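*Asks:* With the sequence shown counted from 1, adding 1062 to any position gets you the numbering used here.
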Amino acid sequence: MNLTRNLKSVALAIAGVMLLPSCATTGSARSKNESNASGPQLAVKSVQHGEASWYSIATNRGTRTASGKRLCNHGATAAHKTLPMGTKVRVTNQRNGKSEIVTIIDRGPYIRGRIIDLTIGSAERLGFRSRGVAPVKVEVLAHSENKEKAP
């Protein structure tokens, strides 16, 4: 009887570990003094200034997004009213200088004055989860080509 209970516990633990990769796309917030020298070169296509808010699976009433991708509370994803799905943007909290690159996978926010909704995990990393909203700079990014052209 005790052996069966232990096997069930092990099976549940393994199942839990197997579910974690679905949320593995977390970003990392950086302060304005940190640089990412080893990462890809990203050019800024446009800049927007406004207010950001956060949303989660609970406030979204589930994991369904406009792009069809699954919403993960800790993922580096966001909602924007007009940017194409899959667009990468750098969001910088203007109060503390922390920034994070997120991918647009959903539509919103639907509250006047807000320009972007970040996942609750991104809001935590950018330092405004408890406040709920923050003034941000949103930089739309494009990969720049650093390859030399062949003759």
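Just so you know, even glycine gets a beta-carbon here, dropped at the ideal spot from N, CA and C. These numbers were taken from a predicted model, which means no experiment stands behind them.
1) Along the chain, where does the beta strand (DSSP E) containing A1140 start, and where does it finish?
2) Would you say I1167 and K1131 are within 8 Å of each other, going by their C-beta atoms?
3) Output yes or no for whether 8 Å exceeds the beta carbon distance between T1154 and V1198.
4) Is the stretch 1155–1163 in contact with the stretch 1185–1197, if contact means three or more CB pairs nearer than 8 Å?
5) Exposed or buried, which one is P1171 when buried takes at least 16 other CB atoms within 10 Å?
6) Mind reading off the beta-carbon distance from K1107 to A1204? Whole number of angstroms is fine, and I expect it under 8 Å.
7) Do V1151 and V1195 have their beta-carbon atoms positioned less than 8 Å apart in this structure?
*Replies:* Looking at the atomic coordinates:
1) Residue mapping note: residue 1140 aligns to position 78 of the sequence shown, counting from 1. Counting along the chain, the beta strand (DSSP E) containing A1140 begins and ends at 1139–1141.
2) Taking the sequence shown and counting its residues from 1, one reaches residue 1167 at position 105. Taking the sequence shown and counting its residues from 1, one reaches residue 1131 at position 69. In contact: I1167 and K1131 (Cβ atoms closer than 8 Å).
3) Position 92 of the sequence shown, counted from the start, is the residue given in the question as residue 1154. Position 136 of the sequence shown, counted from the start, is the residue given in the question as residue 1198. It is a contact, given that the beta carbons lie within the stated cut-off.
4) yes
5) The count along the sequence shown starts at 1 and reaches residue 1171 at position 109. Buried, by the Cβ-count rule.
6) By 1-based counting over the sequence shown, the position of residue 1107 is 45. By 1-based counting over the sequence shown, the position of residue 1204 is 142. Right, their Cβ atoms sit about 5 Å apart.
7) Here the question's residue 1195 lines up with position 133 in the sequence shown. Here the question's residue 1151 lines up with position 89 in the sequence shown. Contact: no.
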